[in-house]
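Heads up, the sequence shown is in numbering that gives the first Met the number 0, so the first residue is 0 and it goes up one at a time.
Note that the Cβ used here is the ideal one computed from N, Cα and C, for glycine as well.
Nothing here was measured: the structure is a model prediction, and the numbers come from that model.
One structure below.
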Amino acid sequence: MRPGTPLWEPSARRIEQAAVTNYRSWLAAERGLDLGDEAALWAWSVTELGPFWESIWDFCAVEGERGDGPALAGAGMPGAVWFPDARVNYAENALTRRGGAPAVIAVREDGATVVVSWDELRRQVARAAAGLRALGVTEGDRICGVLPNTVYATVAMLATASLGAVWSSCSPELGATALVARFAQITPKVLIGVDGYSYGGRGYDTVAALAADLPGLAATVLVPYLAPDAFARARGAGLPGLLTWDELMAVEDAELEFNRVAFDAPLWIVYSSGTTGPPKAIMQGHGGILLEHLKALALHLDLGPDDRFCWFTTTGWMMWNYLVSGLLVGATIVLYDGAAGYPTLGTLFGLAEALELTFFGTSAAYLQSCRDPGLVPREHADLSLLRTIGSTGSPLSATAYAWVYDAVSPQVMLPSISGGTDVCRALAAGLPTMPVRAGEIGSRALGCAVAAFDADGKELIDEVGELVVTAPMPSMPLSLWGDQDRSRLYDSYYAAFPGVWRHGDWVRITSDGAVVVEGRSDATLNRGGIRIGTGELYSVVEQLAEVVDSLAVDTSDAPGGGELLLFVALAEPGLTPELAQRIRHTVRTELSPRHVPDRILEIPAVPRTRNGKKLEVPVKRLLAGAALADAVSLDAVANPQALLTLVATAEQARTATAAPDA
0 MRPGTPLWEP SARRIEQAAV TNYRSWLAAE RGLDLGDEAA LWAWSVTELG PFWESIWDFC
60 AVEGERGDGP ALAGAGMPGA VWFPDARVNY AENALTRRGG APAVIAVRED GATVVVSWDE
120 LRRQVARAAA GLRALGVTEG DRICGVLPNT VYATVAMLAT ASLGAVWSSC SPELGATALV
180 ARFAQITPKV LIGVDGYSYG GRGYDTVAAL AADLPGLAAT VLVPYLAPDA FARARGAGLP
240 GLLTWDELMA VEDAELEFNR VAFDAPLWIV YSSGTTGPPK AIMQGHGGIL LEHLKALALH
300 LDLGPDDRFC WFTTTGWMMW NYLVSGLLVG ATIVLYDGAA GYPTLGTLFG LAEALELTFF
360 GTSAAYLQSC RDPGLVPREH ADLSLLRTIG STGSPLSATA YAWVYDAVSP QVMLPSISGG
420 TDVCRALAAG LPTMPVRAGE IGSRALGCAV AAFDADGKEL IDEVGELVVT APMPSMPLSL
480 WGDQDRSRLY DSYYAAFPGV WRHGDWVRIT SDGAVVVEGR SDATLNRGGI RIGTGELYSV
540 VEQLAEVVDS LAVDTSDAPG GGELLLFVAL AEPGLTPELA QRIRHTVRTE LSPRHVPDRI
600 LEIPAVPRTR NGKKLEVPVK RLLAGAALAD AVSLDAVANP QALLTLVATA EQARTATAAP
660 DA
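Shown next as structure tokens:
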């Protein structure tokens, strides 16, 4: 399957019914704007930033006080000022729908299921907010959650937001060291933790001792999930202000209230992965997230009140925040807590049938893992109601695109999206009115002035370059926690191109506006002046049936020189000289002779982050001699043994080469 091959065209009916079509008609009627096609809409959205984001406020009927000030009062980066006179609350907008229809459906991997209506969700949020208020929680206080993807987490986050307090969550599978590294930075007032979690059919305890490492903690709320005796054990550990979830929810007739806060008041704190250094605590605001997620979910993902929306995620990945924001557009959100491949690889597609999902989102790594063994979900599940399959976390290969249309459904829209935790949004995302082509993201996201730059800051078309954003967006970080002078924020995102956001991805923007993500820019392969993204190499290597997964590291910039290493995980163990030669021939033919790996090494599995990204940069740092603790936090790695095995394999190969008469 060649990149760029057309795979899907929206029907005339789908185009007519799409929210973005309605939005363009609304712009014509209400604003007098005749934007003839998607390219014109995008161009207007990034050149007229104030009018565009003001139109999103009005079109999506945001609950709140708009104020008299301009939509964009200051356009500097960092430091843009959006809607300076506005007062909003994210939770108020997430809970506008009423009635007995399901708002949340939560499923655990053992089949335990909870269904919560819109009215019941409002009641539970009101009770949780009353409980937090009784603990002294006020605007700006931080509430931390160590919770699986459950109703508990959703209610706790919305209750926190309703008060104007600041939410921050991590998945319970993170170890104690990783949790402390994140939460201790932000000095939480209340910790809400689950008594245990289930993954792959096994139960695990959470770390009750975490509370002891969080100074200033006023209360610890223990949520019953797996272990009936957990509260007694926690009480014995002397946790500060210990109470149960039921005790937090004690006020049964609580009134649902919303504290409208400034547009840029912090809503939540999310964390960078910690794979390239200490995790950054990134603050994002009520108003910016509200407008961005309304735009993305309504216009790009085409979600609305008739949809059942599921994205396979944990509470420690920004896609959980994205998933819960489905409530903003009135969709039923479906939460799944467990392992993607348990008890079988196709479990999630069975879930799609059982719960009549219209939108199923997951990671590119999961789709690839289904493709590799030849899974054909449409033969095992009725997926006729599924309209959309979303993919993110890492670039989706052209062959994986083709697999979705061949093995899942030829009718679905496949929006691969690319963005990041830093902005809690997609920077590149197609529209439901656009075709899907293999290996490409249909367009740059509305309101997002994405470009590809060369090293001198010159914009590139049809060439690979640094992904940058040249104009402000409302969901950009307010700040990094503790970064009073914003120097760390500047160094992280703006130092390379002053006044321009450098995202850290390596992309190619085509002449018709599509985006091809080639991998992380700091893992780019630069061989004799020819630069390609690792994603391009992977798409070539992994088209071979014998290769399940791969990871490339170029150490040529090391002192004294280096080499291009290609690590491969194979369907059948045993790298033969014939297969190695075929890999080299394929790379030489389809990329360039300069990108033929100097060495091909077999490994059992490619090390990845918990959301499926290949650990290219940490591996490169480790091979350059960095200490493990300086290169990566193992708590951020989904399969730590794979990382250790890879490094050991590389070291053995280096030693063998250096040996006399090798």
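C-beta contact flag for residue i and residue j at 7 angstroms
| i | j | result |
| --- | --- | --- |
| residue 105 | residue 113 | yes |
| residue 147 | residue 421 | no |
| residue 266 | residue 293 | no |
| residue 309 | residue 238 | no |
| residue 388 | residue 359 | yes |
| residue 600 | residue 647 | no |
| residue 167 | residue 257 | no |
| residue 554 | residue 614 | no |
| residue 312 | residue 322 | yes |
| residue 279 | residue 271 | yes |
| residue 121 | residue 255 | yes |
| residue 551 | residue 533 | yes |
| residue 401 | residue 438 | no |
| residue 68 | residue 83 | yes |
| residue 581 | residue 3 | no |
| residue 306 | residue 330 | yes |
Residue i burial status per 10 Å Cβ neighbour count (16 or more: buried)
| i | result |
| --- | --- |
| residue 91 | buried |
| residue 342 | exposed |
| residue 283 | buried |
| residue 473 | buried |
| residue 85 | buried |
| residue 75 | exposed |
| residue 658 | Here the model assigns residue 658 a pLDDT of 47, short of 50, so the residue's position is not dependable and the matter cannot be decided. |
| residue 617 | buried |
| residue 11 | exposed |
| residue 288 | buried |
| residue 1 | exposed |
| residue 419 | buried |
| residue 476 | buried |
| residue 188 | buried |
| residue 460 | exposed |
| residue 379 | exposed |
| residue 594 | buried |
| residue 149 | buried |
| residue 210 | buried |
| residue 649 | buried |
| residue 246 | exposed |
| residue 367 | buried |
Cβ separation of residue i and residue j, assumed to be a contact under 8 angstroms, to the nearest whole Å
| i | j | result |
| --- | --- | --- |
| residue 413 | residue 41 | The pair is not a contact, with the Cβ atoms about 20 angstroms apart (cut-off 8 angstroms). |
| residue 297 | residue 59 | 6 angstroms |
| residue 612 | residue 393 | 5 angstroms |
| residue 9 | residue 431 | 6 angstroms |
| residue 129 | residue 250 | 4 angstroms |
| residue 259 | residue 21 | Contact flag wrong, Cβ pair sits at about 28 angstroms. |
| residue 407 | residue 386 | About 12 angstroms separates the two Cβ atoms, so there is no contact after all. |
| residue 535 | residue 517 | 5 angstroms |
| residue 194 | residue 225 | 6 angstroms |
| residue 213 | residue 261 | That pair is no contact at about 27 angstroms. |
| residue 383 | residue 363 | 24 angstroms between Cβ atoms; not a contact. |
| residue 131 | residue 158 | 6 angstroms |
| residue 425 | residue 507 | 17 angstroms between Cβ atoms; not a contact. |
| residue 662 | residue 52 | With the chain running from 0 to 661 in the structure shown, residue 662 is simply not present. |
| residue 442 | residue 15 | Incorrect: roughly 20 angstroms between the Cβ atoms, too far for contact. |
- Kindly provide the ranges of any beta strand (DSSP E) runs that are 3 or more residues long and lie completely inside the region 439-483, ordered along the chain. 449-452 and 463-468
- Query: Which ranges would you report for the alpha helix (DSSP H) in the region 47-104 if only whole runs of at least 4 residues count?
  - Reply: Qualifying alpha helix (DSSP H) stretches, in chain order: 48-58 and 89-93.
- Item | Start-end ranges of the beta strand (DSSP E) lying completely within the region 529-587, minimum 3 residues | 529-531, 546-553 and 563-569
- Specify whether the region 632-642 and the region 600-612 touch according to this definition: at least 3 beta carbon pairs, one from each stretch, less than 8 angstroms apart. yes
- Task: Mind the definition here: the region 177-197 touches the region 124-143 only if three or more C-beta pairs lie below 8 angstroms; say whether that holds.
- Result: yes
- Taking the runs of the alpha helix (DSSP H) that are 4 residues or longer, which of them lie wholly in the region 139-219? 150-162 and 175-182
- Per the contact definition of three or more C-beta pairs closer than 8 angstroms, is the region 433-450 in contact with the region 41-51? yes
- Message: At 4 residues or longer, what runs of the alpha helix (DSSP H) sit wholly inside the region 235-287?
- Response: As far as the region 235-287 is concerned, its whole alpha helix (DSSP H) runs of at least 4 residues are 244-247.
- Assess, as a yes-or-no matter, whether the region 568-584 is touched by the region 536-553 under the definition of 3 or more beta carbon pairs within less than 8 angstroms. Taking a cut-off of 8 angstroms on C-beta distances, the region 536-553 touches the region 568-584, as three or more cross pairs fall below it.
- Query: Do the region 501-510 and the region 463-480 make contact, defined as three or more Cβ pairs closer than 8 angstroms?
  - Reply: yes
- Complete alpha helix (DSSP H) runs within the region 354-419 (minimum length 4 residues, chain order): With a minimum length of 4 residues, the continuous alpha helix (DSSP H) runs that stay inside the region 354-419 are 363-370 and 397-402.
- Quick one: complete beta strand (DSSP E) runs, 3+ long, within the region 312-356? 331-336
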